[in-house]
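Quick note on numbering that gives the first Met the number 0: the sequence shown kicks off at 0 and runs consecutively.
Even glycine gets a Cβ: it sits at the ideal position worked out from N, Cα and C.
Below: the structure, in structure tokens.
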Amino acid sequence: MNFREHIDTLISNNADKEAFVELTDKILSSKPEAWMLIARGKIYWRQGKVSDAMNDYYAANELEPDGIAKQLIENANDIMKFRCTDLINP
């Protein structure tokens, strides 16, 4: 099993903490690949750490401008722009 499959297995088994630690170690110890930053960004997003997630998405987008990170950035921005005016003016 390669590293990417290992991380995918950890995440699918809800072992986000382990996946996060291993991804961060790999990112810091070598040149990161876009998928590593995206996977860690998704973990950050699930933890509610939106700015950290966005930082990873932007870094992944720099590595692969035509990759999925661009769509993740757009989706995250759309979510952050959304306002339910019914909650403001009941």
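Query: Under three-state DSSP, which class holds M35?; Result: helix
Query: By how many angstroms is the C-alpha of P64 removed from the C-alpha of P99?; Result: The first residue shown for the chain is 0 and the last is 89, placing residue 99 beyond what the model contains.
Query: Buried or exposed: R39, going by 16 or more other Cβ atoms within 10 Å of its Cβ?; Result: buried
Query: How many Å lie between F19 and T8 at the Cα?; Result: 13 Å
Query: Per DSSP, what kind of secondary structure is K80 in: helix, strand or coil?; Result: helix
Query: DSSP state of N1, grouped into three classes?; Result: coil
Query: Label M35 either buried or exposed according to how many other C-beta atoms from any shown protein chain fall within 10 Å of its C-beta, with 16 as the threshold for buried.; Result: buried
Query: Is the beta carbon of A75 less than 8 Å from the beta carbon of Y57?; Result: no
Query: Taking Cβ to Cβ, would you say A59 is nearer than 8 Å to I37?; Result: yes
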